[in-house]
Amino acid sequence: MASRTARPSSEVVPWYRNVKLIAVFAQIIFVVIVLIVLAILVFNVSRGVKTLGVRTGFGFLADRAGFPLSESLIPYDQNASYARAMLVGVLNTLKVALLGVVLATLLGIMVALMRLSNNWILKQIATVYIETVRNIPLVIQIFFWFSVLLVPSLPSGVNALRFGPIYFNNSSGLIFPWPFASSNFRHWTIWLILALVLAIGVYWWRRRTLLRLERPGNPFWPAAAAFLLVAAVGYFIALAQSRFPENLLVSLDADRGRVNSVLDVNANGTVDNQDTPYATVPVIVTFESASFEVNPQRRTEQRKEINSAFAFPSLRKSEFEEARVEFVNPDLNDRLSVHYTGFPTTGIVYEDRNENERFDAGEDLDESTGEGFEGNDYKLVLFIEGFKRRVLTERDGETRVPRFDSYENASFERLGPSPLAWSFPNFPTDKTLVTGGATLSVSYLALLLALTFYTASFIAEIVRGAILSVPKGQTEASKALGLSNNQTFNLVVFPQAFRIIIPPLISQFLNLTKNSSLGIFCSYQEFFAVSSIVNNQSGASMPIFFILIGGYLIISLTFSFLLNLYNARTQLVER
Amino acid sequence: MDSVVSALAPTGGQTIIDISGLNKWFGDFHVLRNINMSVNKGEVVVVIGPSGSGKSTLIRCVNRLEEHQQGKIVVDDIELTDDVRNIDKIRRETGMVFQQFNLFPHLTVLDNVTLAPIRVRKMKKSEAEQKAMYYLEKVKIPEQASKFPGQLSGGQQQRVAIARALTMEPKVMLFDEPTSALDPEVVGEVLEVMVNLAKEGMTMIVVTHEMGFAREVGDRVVFMDAGQIVEVGTPEHFFVNPQEERTKSFLSKIL
Amino acid sequence: MLQPALPPPVRETGTLAWMRRNLFSNLWNALISVVALVVIAWGVLSLLNWMVFAANWDRVWANLRLMSIFRYPIELVWRPMASVMIVIFLFGMSAGLSKDGTGRIVRSAYNWMMGFVGFITLVALFAFPSVRFLWIAVVVLGVAGFWLARAVPVLAKALPWLWIASWFVSLFFLLGVGGNGNNPTGLEFVPPNLWGGIILTFFFSVTGIVLCFPLGIALALGRQSKLPAIKYFCIFYIEIIRGAPLITWLFTASLLLPLFLGGIRPEAIIRAQVAIVLFAAAYMAENVRGGLQALPKGQREAAHALGLTPWDSMRLIILPQALRSVIPAIVGLFIGLFKDTSLITIVGLFDLFAVALKVATQPESKLIAGGIVRELFIFMAIFYWFFCFRMSVASRQLEQELGLGTR
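As given, the protein sequences belong to chains A, B and C, one line each in that order. In terms of this note's numbering, the first sequence opens at residue 28 and continues consecutively. In terms of this note's numbering, the second sequence opens at residue 123 and continues consecutively. In terms of this note's numbering, the third sequence opens at residue 20 and continues consecutively.
So, in structure tokens, the structure goes:
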């Protein structure tokens, strides 16, 4: 040791040469720079708030929104607050994202399998699809679905495509019957809970049995069967238990075209102000005869505005006893005729100028004025004999029957007090008011289709890549063991591919959700679109920025949380 | 323990590496436990031991690829502290050869070898290339100078790595299992280079599993286990007449 | 005696056998094939029929200038064209200098580009006399660049710098400095609110990727840093940016940037560009991080052991390797940026998409039955598809060439 001549370690090293201190100083300098920049920003913002009159704070959220939103999963009107409007936006984002994720995954898997199939044509179709959709901006695809495909090619307004009780047009979108929980739904909930508990029980029991017997099999199917069975039995029991309250009154408010259902609180047998509305009673309304008038509808056909077109409610032809056009000025009766384009629902009032008793182009114009006939020149009157209409009343009293001008002997048959009540769409003449059933707007459909097709092209490549990444030896080994093609795929290839698929798949889900913010390009009112309306109205751009970024961040973090959870689980499995 | 400590003392000549009371932890794991060791100029010290015994960590501490928490490391009279200048000096004076070669795949062999002399020693390019060719000849692959590492075999790559370290003209060479990643038939060519280097009087610390090499060129053999130096001795003493039980059982398994 | 090699049984080769294997291997497959063929034939025929006979291309044709350069003064059209010339010339030089491997990919991209430019030149030759000679010049310069580089290989060293310079020169040409109608010495200033259409789409996405590069690298290195303050700041930045969609950042930049800058209100184009750059940087950082993580730890250690300074080892050892391995990902990012440029209409800028929407609502367009949205859509789809598809092909080739993506 004597030969050691090292300097003692106590020698002081200047700070700028000390590795550890350099690290500390570097961070301090960095933090100081960040803080200075932040301070400048905050200073600018606070000055800007004064000079530019920008609102800060979240107080504005309680203010009245004052703008309508055409689609909402929760009750909303113009008197609701900004906060509620934004909540509507968030829910609309989730509504398109959740369905989009499911559809994109299904389509993506299908396309991937097509690309891997041994049919040359299917392979080429899948390849062309993927290479096309990936390489065109999503906005332009939304433009395609909305402005190029759906809006121009769907019929407008009352000319909706009709498949039984389902309507499809370019203003309201797709309207279809939908079950609502009625007031008796609670009788059924207990059975649903029971069914769920039982299903879980069956799942565990079946899994244990399978393990004990050492048999392959999926415990999911028996569990699902148990759930369905109990739920179905429960439904009928609930049906038997359900009854309406003794003091339930159903009445027709003909002027507003509404069926009221109320609880007769003061037991006087008539509907009055003291009675409380009662929720969701499905009834069949029957009239011995009824008549109602419909206002003519304006519609545009090839740049030529036809004012004299009219449309009846979408009642079945057999429901009409008589349909006729009545003119306000009786003199017109001689001059004008009616041309039914779709008897008896749509037609055009025209003046038969060349007296050929046919409607010719241009005859829908009033010769004297050169304009279409005004709606208030004539009335369209329907007479209905023995009319029966199945309707559903709700607490908020939506219109379910046409507005009657007169009716005779209306009677109500209360349908079921069933736990679920089907709401059927009613397609009124006023095109802005579609009631009953459920609606998927054209904007929603366009965005949903665009997101689905766009994301599916990425998912397909993920799935394909993962399946191809399973070494060929795996397939060969399982074939050598005598497994069939299906068994090889289900038991060997897919489980290995699945692990590789999940992380990028989740990030595609996230992308889809973020891309739903492009809904603004097809006037779908999701989170971003609503936020930007709120910003325009309230001028509170600062807080809206925080809400917007925070909202999307929460969604993103949820997805990364799921991803981490999955990664943690698979890592455990690997050990 | 006394006998061990006395065996650690250099047998004469000038000490170039002096490690005393060295302790290191990875988290809670105590990888190096009170290591005392010194190496003389021109000496070849071979470190052997089972995997996980801390051999690699020990030599990686010498040029601060790993930071030690306690104890003192002095290389060529420079103590390894947090002082950047000292760390740089020590790294300049020690060359290191890795198990995985760690050649820079985006640079040619010549660029690999001249990089550090030009950037660190601030040598002229022509001078550095002259020197590089000298060492490449020494490791017997001057003809590969313009190729990329990916085009060479493992043995050739490792020889380039040795040339790369030598071109810096270090005072000490550290070898971290230089032959472990090689195919058996090329191990010989790398060992040959190392043997020649030892014969020329280079100070070397070699972590290896090549017992033949240890026996032939090692001046001292250090056996480590569980983060401690178990036994130190000359190859004859060590392989013929080991003192410790742990050493005996290790040798019986690998010989 | 050696067994002579026999030809395979006839049914294993030839068109019929191929069809049997790939189209009609069993009844089910045969059914699918027939139905698919019929549907495709019908679809393609009716699309072609529509495109040739029914579609109204006049309005698209009449608005080509609007969609290419928007309201950029027509008498100054040589200036955007000069940018195109510079880029094509450098492209030619790159192709001329390229060697094997990745060079082949550059060369084939160059061939495609020249084919495209040649096509436009042909169209211009007959239909647009005002830009006829400018396009001929583009073609000539593209070819000249190639042969110049072939003749003078030393230019390879200057090439990266020339590319960087080309961006500034392009900006200079597009924007102009000094000069006005009375003062012919300078280039007349063309305010960015007159820019638009395809030229904006290109300039915007290229600028985005160029400017996000340094910031992205810095963020990636920061995220890998051992210093917690820097590391967590970078993680915070990257995750926040990536957490929200681009459109929200465009919105933010458009509304809040003036506020952050204390009332200074930059041009809309600058605000949007800032948003795009800050946004793309986060994604670039993640790509670069991928490259850094893929780098073996030994590379860093070897650099340390040789005594290289941190700066040198970063510059000479780590970044060259990390960046090289993420080139395909960067091309992918550029494709994304190119596509995302179509969102800037949200802040009132007129890229191709926004101009097309404008064209669709022109009174003349509305006179046509059904409007011209279908024609416009097809035009835009082909434009974007052509460039994005070509770039994704190049990206895939690069991936293969660099030995990534193959297992």
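We put the CB at the ideal spot given by N, CA and C, even for glycine.
Just the Cα atoms here: how many angstroms apart are residue i and residue j?
| i | j | result |
| --- | --- | --- |
| F195 (chain A) | L177 (chain A) | 10 Å |
| L188 (chain A) | V175 (chain A) | 18 Å |
| K47 (chain A) | I56 (chain A) | 14 Å |
| K385 (chain C) | N75 (chain C) | 12 Å |
| F170 (chain A) | I571 (chain A) | 27 Å |
| R343 (chain C) | I349 (chain C) | 10 Å |
| F592 (chain A) | I494 (chain A) | Phe is not the amino acid found at residue 592 (chain A); the sequence shown has Leu there. Those two C-alpha atoms are separated by around 23 Å. |
| M137 (chain A) | F402 (chain C) | 28 Å |
| G137 (chain C) | V219 (chain B) | 56 Å |
| F223 (chain B) | A287 (chain B) | 11 Å |
| I411 (chain A) | A208 (chain A) | 32 Å |
| F354 (chain A) | D387 (chain A) | 21 Å |
| V64 (chain A) | F94 (chain A) | 38 Å |
Mind pulling the chain C residues with CB within less than 7 Å of residue i?
| i | result |
| --- | --- |
| S559 (chain A) | F270 |
| N591 (chain A) | Going along chain C, no residue has its Cβ under 7 Å from N591 (chain A), so there is no contact; the nearest lies around 13 Å. |
| A437 (chain A) | Chain C residues near A437 (chain A): none, gap ~46 Å exceeds 7 Å. |
| N185 (chain B) | A324 |
| E158 (chain A) | F408 |
| T502 (chain A) | Chain C residues near T502 (chain A): none, gap ~15 Å exceeds 7 Å. |
Which residues of chain A have a Cβ atom closer than 9 Å to the Cβ of residue i, listed in chain order?
| i | result |
| --- | --- |
| V206 (chain B) | V40, Y43, R44, N45, V46, I49 |
Tell me, please, whether the CB atom of residue i is closer than 8 Å to any CB atom in chain A?
| i | result |
| --- | --- |
| C407 (chain C) | yes |
| G282 (chain C) | yes |
| T203 (chain B) | yes |
| W61 (chain C) | no |
| I209 (chain B) | yes |
| L352 (chain C) | no |
| F255 (chain C) | no |
| G262 (chain C) | yes |
Please check if any C-beta of chain C sits within less than 8 Å of the C-beta of residue i.
| i | result |
| --- | --- |
| M326 (chain B) | no |
| D347 (chain B) | no |
| A483 (chain A) | no |
| W248 (chain A) | no |
| M113 (chain A) | no |
| N222 (chain B) | Note on residue identity: the sequence assigns Gln, not Asn, to residue 222 (chain B). Judged by the 8 Å Cβ criterion, Q222 (chain B) is in contact with chain C. |
| R214 (chain B) | yes |
Step through the CB atoms of chain B and report whether any lies within less than 8 Å of the CB of residue i.
| i | result |
| --- | --- |
| A321 (chain C) | yes |
| A324 (chain C) | yes |
| L327 (chain C) | yes |
| P347 (chain C) | no |
| G317 (chain C) | yes |
| P148 (chain C) | no |
| R343 (chain C) | yes |
Taking Cβ-Cβ distances shorter than 8 Å, what residues in chain C pair up with residue i?
| i | result |
| --- | --- |
| P300 (chain B) | Going along chain C, no residue has its Cβ under 8 Å from P300 (chain B), so there is no contact; the nearest lies around 13 Å. |
Run down chain B in chain order and give the residues with a C-beta less than 9 Å from the C-beta of residue i.
| i | result |
| --- | --- |
| I336 (chain C) | F226, H228, L229, L237 |
Can you pull the DSSP bridge partners for residue i?
| i | result |
| --- | --- |
| R189 (chain A) | A:Y194 |
| V219 (chain B) | B:F297 |
| K176 (chain C) | None, per the DSSP bridge assignment. |
| T303 (chain A) | A:L290 |
| W166 (chain C) | DSSP, once it has assigned bridges, lists no residue as partnering W166 (chain C). |
Note down, in chain order, every chain A residue with its Cβ under 7 Å from the Cβ of residue i.
| i | result |
| --- | --- |
| R118 (chain C) | Residue 118 (chain C) is actually Lys in this sequence, not Arg. Residues of chain A passing the Cβ test: none, with the nearest at roughly 29 Å. |
For the ligand COA, is there any heavy atom lying closer than 7 Å to the beta carbon of residue i?
| i | result |
| --- | --- |
| V557 (chain A) | No copy of the ligand COA occurs in the structure displayed, which carries no ligand at all. |
*Should the segment 250 to 269 of chain A be regarded as contacting the segment 219 to 227 of chain A, the criterion being three or more beta carbon pairs within less than 8 Å?*
Enough Cβ pairs lie closer than 8 Å, so yes.
*Any contact of the segment 261 to 272 of chain C with the segment 242 to 252 of chain C, i.e. 3+ C-beta pairs under 8 Å?*
Result no; under three Cβ-Cβ pairs closer than 8 Å.
*Would you call the segment 282 to 302 of chain C and the segment 228 to 243 of chain C touching, i.e. three or more CB-CB distances under 8 Å?*
Yes, the segment 282 to 302 of chain C touches the segment 228 to 243 of chain C.
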